[in-house]
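Residues 14 to 700 in our numbering are what the sequence shown spells out, letter by letter.
From the three backbone atoms N, C-alpha and C, an ideal C-beta is built for every residue, glycine too.
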Amino acid sequence: MSNVPSYLQGAWWAPDAVGVPVRDASTGETVAEVSVAGADIPGAIEYARTVGQVALGSLTFHERALKLKELAQYLNGRREELYEVSARTGATRGDSMVDIDGGIGVLFTFGSKGRRELPNANLVVDGPPEVLSKDGSFLGQHVYTRLPGVAVQINAFNFPVWGMLEKFAPAFLAGVPTIVKPATPTVYVAEAAVRAIVESGILPEGALQLISGPARDLIDHLDYRDLVGFTGSASTANALRAHPNVVHGGVRFTGETDSLNAAILGPDAVAGTPEFDAYVRSLVTELTVKAGQKCTSIRRAIVPSALVDPLIEAVTARVAERVVVGDPRAEGVTMGALVSREQKAEVLTRVGELVAAGGEIVMGSLDEPEVRLADGSTGLAPDGAFLQPVLLHFADALAQAAHSIEAFGPVSSVIGYDTVEEAVALAALGGGSLVATVATHDPDVARTVIEGIAAHHGRTLILDRDDARSSTGHGSPVPHLVHGGPGRAGGGEELGGIRSVFHHMQRTAVQGSPAMLTAVTGQWFAGAPRSLDGPHPFRKSLAELRIGDAVASPLREVTLEDITAFANSTGDTFYAHTDEEAAAANPFFPGIVAHGYLLVSWAAGLFVDPAPGPVLANYGLENLRFVTPVSPGDSIRVTLTAKKITPRETDEYGEVCWDAIIHNQDDEIVAAYDVLTLVAKTWPTTA
Ligand code: NDP
14 MSNVPSYLQG AWWAPDAVGV PVRDASTGET VAEVSVAGAD IPGAIEYART
64 VGQVALGSLT FHERALKLKE LAQYLNGRRE ELYEVSARTG ATRGDSMVDI
114 DGGIGVLFTF GSKGRRELPN ANLVVDGPPE VLSKDGSFLG QHVYTRLPGV
164 AVQINAFNFP VWGMLEKFAP AFLAGVPTIV KPATPTVYVA EAAVRAIVES
214 GILPEGALQL ISGPARDLID HLDYRDLVGF TGSASTANAL RAHPNVVHGG
264 VRFTGETDSL NAAILGPDAV AGTPEFDAYV RSLVTELTVK AGQKCTSIRR
314 AIVPSALVDP LIEAVTARVA ERVVVGDPRA EGVTMGALVS REQKAEVLTR
364 VGELVAAGGE IVMGSLDEPE VRLADGSTGL APDGAFLQPV LLHFADALAQ
414 AAHSIEAFGP VSSVIGYDTV EEAVALAALG GGSLVATVAT HDPDVARTVI
464 EGIAAHHGRT LILDRDDARS STGHGSPVPH LVHGGPGRAG GGEELGGIRS
514 VFHHMQRTAV QGSPAMLTAV TGQWFAGAPR SLDGPHPFRK SLAELRIGDA
564 VASPLREVTL EDITAFANST GDTFYAHTDE EAAAANPFFP GIVAHGYLLV
614 SWAAGLFVDP APGPVLANYG LENLRFVTPV SPGDSIRVTL TAKKITPRET
664 DEYGEVCWDA IIHNQDDEIV AAYDVLTLVA KTWPTTA
């Protein structure tokens, strides 16, 4: 049997060496062999840093985001063949969907977020500028630029596709090439997914490489330009984190390791409530999906002491009713095998330790189970890695083992508590976890628990009757939100929307004059030159409009009659605009003042060029601040300057953000805001 190929430097490669056999989780049959003896790892890293960097750097965020979307659509069409491969790891169709569809979902999310939340450029301006001199001639601005190295993934066995794509999508969007090193037991699934990706032809050269085997020397070749995203055991994470290139060489290391995630049942969530039922459903789901081999599974069910027995009964009943353990290729199987006999042995050892530390098995057993075989019959399958769901109960809630030993399989411990404060303290004994659920419909309980446990967790879920049906679930990280957790969970942070893109970028403070910051970032800064000559900027299509193109209006006087008329026509007769005495008594106003909205409306009238033209729509205002009140008899003028131009890749128009500033007759700032418009890429009358 030949080794699972790697995809290195734009070509498939496999060594002739005899590899480590990887077996079908249900039958024990050899699926593949794994070795990367002789692989040119330094060459792959260099290829990413050169070919990959150049190819990705020639694309903008929006272009890369579109490729992610295209890839997601393509992989959608190849799911069935991936499910088939995935079944060999013991995964049911449902498990495979979590892995494969979940991974594709991440691509879709970043494909969309990248175009909505990032500029159509290669540099991100981070927040507003800091004005560092009195006259405004010296500014500081944080910017993000992509890291010049490679994003290396070292992945766990449990989600060979999702684990790869959830790290790949933000790296790719940032413009950083990726090298994936999957875990050996399921490397052939990652290989099948990478093969499909390569066949799609969508990704630029060097954007993705695959090392299908141990490659223990990977980090030896990395430096401060590179990052490592690790998922797996805490012990491996600690070993890798101590690598000299991480400690001394500046390699950025993100760890996502095992954790003893808790689910707290609120004191109000007694048997018969929707919260109790939702909790039971969630616990059984987390025990059985991927046979409990999920970093986010519930390992500790922390429940009111009085509800321990009802909970165990309810979980046992649901498992008996719903769970059919067996070969995922057999009809009706709802829980598959563990990934390997070795992993099963590991889980049995951990459960043995939990029992020795006072845990009592109250559901399931460690015996070789009778399971549904591929042909639909029932029997023992000693060459497979099957285990029944197991529930333990710890009479001593403080037993150290219950909070520190993770059996990475279909295993959870039930732990009783007496007060909410005690439940919070028990959850924290996990020493830092990825996720915790609290099932409660009592806002006070929710507040107390979340305030108490938030800093120990990367994500929390408040489960109640209102969201039980719509919730994405305890165990499902979503691309929009942070995945990772402090302490034992590894201390890393993945996903979290565009945050995870910034993990692959360097934040740098750039100091200089407004003109220089405008030139460097492609965004106009107050104080930089404006262009007030030539046609009105509303007559210019995106092809002609330039950053700094501006229009400045003459002054217009505001009278008491204008203010009164505006109050009457809008119904906004707030006393500051209608009652001289009351307005004067207000500490902020000298007497009656103009409505802020009147000023903004007038400003539009002052800057607009009304004839049909390339400006298609005004879709909002941002950052509006009213600074100086305007009294009857004052005058205002407005200056509008093209600040940011974002052409859309797939539309015939783009977004233009205009800096708007209203001054009074004394040149004081009355109001400042951004006007958001859609502008055509070309316009007949200006072409
Ligand atoms: P490991 O920590 O053994 O392996 C994880 C990854 O690290 C694999 O790709 C592995 O490669 C690689 N690796 C191991 N040692 C080295 C090394 N010295 N240098 C470079 N890479 C290395 O975890 P497992 O996947 O075997 O799972 C074991 C435990 O990890 C589970 O029982 C569970 O507790 C935890 N886990 C946590 C997960 C999470 O998402 N947080 C997910 C899965 C597991 P290779 O496979 O080729 O040896």
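Original post:
Per DSSP, V375 forms a beta bridge with which residues?
Top reply: According to DSSP, which records beta bridges pairwise, V375 is partnered with nothing at all.
**OP:** Pull up the DSSP beta-bridge partners for H487, would you.
**Re:** In the DSSP output, where bridge partners are listed per residue, H487 has none listed.
Original post:
N258: buried (16+ other C-beta within 10 angstroms of its C-beta) or exposed?
Top reply: By the neighbour-count rule (16 or more Cβ atoms within 10 Å), N258 is buried.
Subject >> Nearest to A387 (by Cα), restricted to the options V424, T583 and D340 >> reply: Taking the Cα of A387 as reference, the smallest distance to any Cα among V424, T583 and D340 is reached at D340.
Subject >> Alpha-carbon to alpha-carbon, S318 and A370 >> reply: 20 Å
Original post:
Q356 lies in the alpha helix (DSSP H); which residues open and close that run?
Top reply: R354 to A369
Original post:
Relative to the alpha-carbon of G268, which residue among Q166, T122, A565 and S417 has its alpha-carbon at the smallest distance?
Top reply: When the alpha-carbon of G268 is set against those of Q166, T122, A565 and S417, the nearest one is in Q166.
Original post:
Does the ligand NDP have a heavy atom nearer than 8 Å to the CB of K180?
Top reply: Taking 8 Å as the cut-off, the C-beta of K180 does not count as close to any heavy atom of the ligand NDP.
Original post:
Which residues in the same chain have their Cβ closer than 7 Å to the Cβ of K694, if we skip the five residues on either side of it in sequence?
Top reply: S554, L555, A556, P660, E665, Y666 and G667
Original post:
Expressed to the nearest angstrom, what Euclidean distance is found between the alpha-carbon atoms of G188 and V31?
Top reply: 37 Å
Subject >> Exposure label - S295; buried when at least 16 CB within 10 Å >> reply: So S295 ends up on the buried side.
Original post:
Just to confirm, does Q306 get its C-beta within under 8 Å of one of the non-hydrogen atoms of the ligand NDP?
Top reply: yes
Original post:
Can you list, in chain order, the stretches of the beta strand (DSSP E) that have 3 or more residues and sit fully within the stretch 79 to 156?
Top reply: 137 to 144
Subject >> Selected residue, minimal CA-CA separation from S614, among A624, R650 and V640 >> reply: With distances taken between Cα atoms, S614 lies closest to R650.
Original post:
Using the beta-carbon count (16 or more within 10 Å), is T698 buried or exposed?
Top reply: Reliability fails at T698, whose pLDDT of 48 lies under 50, so the model's placement of it is uncertain and the value that follows must be treated cautiously. Burial call: exposed.
Original post:
Taking buried to mean at least 16 other C-beta atoms within 10 Å of its own C-beta, is L404 buried or exposed?
Top reply: Label assigned to L404: buried.
Original post:
What first and last residue would you give for the beta strand (DSSP E) that runs through G667?
Top reply: Y666 to N677
Subject >> Backbone secondary structure at A45 - three-state DSSP >> reply: strand
**OP:** Would you mind working out which of G124, R106 and G604 sits nearest H493, comparing C-alpha positions?
**Re:** G124
Subject >> Residues near D562 in its chain [Cβ-Cβ closer than 6 Å; skip 5 each side] >> reply: S544, P550 and A655
Original post:
What's the gap between the Cα of S513 and the Cα of G118?
Top reply: 16 Å
**OP:** Using only the heavy atoms of the ligand NDP, determine whether one of them is closer than 8 Å to the beta carbon of P18.
**Re:** no
Original post:
Going by the C-beta, is E419 closer than 8 Å to any heavy atom of the ligand NDP?
Top reply: yes
**OP:** Give the straight-line distance between the Cα atoms of I210 and Y20, rounded to the nearest whole angstrom.
**Re:** Approximately 11 Å between the Cα atoms of the pair.
Original post:
Between S629 and T586, is the Cβ-Cβ spacing less than 9 Å?
Top reply: According to the sequence displayed, residue 629 carries Leu and not Ser. Not closer than 9 Å, so no.
Subject >> Whole runs of the beta strand (DSSP E) within the stretch 608 to 673, excluding any shorter than 3 residues >> reply: 628 to 639 and 648 to 660
Original post:
What separation, rounded to the nearest whole angstrom, lies between the Cα atoms of N636 and S48?
Top reply: 56 Å
**OP:** Look at the alpha carbon of R129 and the alpha carbon of A314, and state the distance between them as a whole number of angstroms.
**Re:** Taking the CA atoms as reference points, R129 sits about 39 Å from A314.
**OP:** Please report how far the alpha carbon of P18 lies from the alpha carbon of V202, in whole angstroms.
**Re:** CA-CA distance, P18 to V202, rounds to 12 Å.
**OP:** Could you tell me whether any non-hydrogen atom of the ligand NDP is closer than 8 Å to the CB of F74?
**Re:** no
Original post:
Which one or two residues does DSSP pair with S19 in a beta bridge?
Top reply: BP columns for S19 point to W26.
Original post:
If we ignore side chains and look at the alpha-carbon of each, how far apart do A291 and E334 end up?
Top reply: Computed Cα separation, rounded: 16 Å.
Original post:
Do A38 and A220 have their C-beta atoms closer together than 9 Å?
Top reply: With respect to the 9 Å criterion, A38 and A220 are not classified as neighbours on the basis of their beta carbons.
Original post:
Helix, strand or coil: how does DSSP classify F74 here?
Top reply: helix
Subject >> Integer Cβ distance of A541 from A522, believed to fall under 8 Å >> reply: Actually they do not touch by this definition, with Cβ atoms about 18 Å apart.
Original post:
Would you report the Cα separation of A169 and T244, rounded to the nearest angstrom?
Top reply: 5 Å
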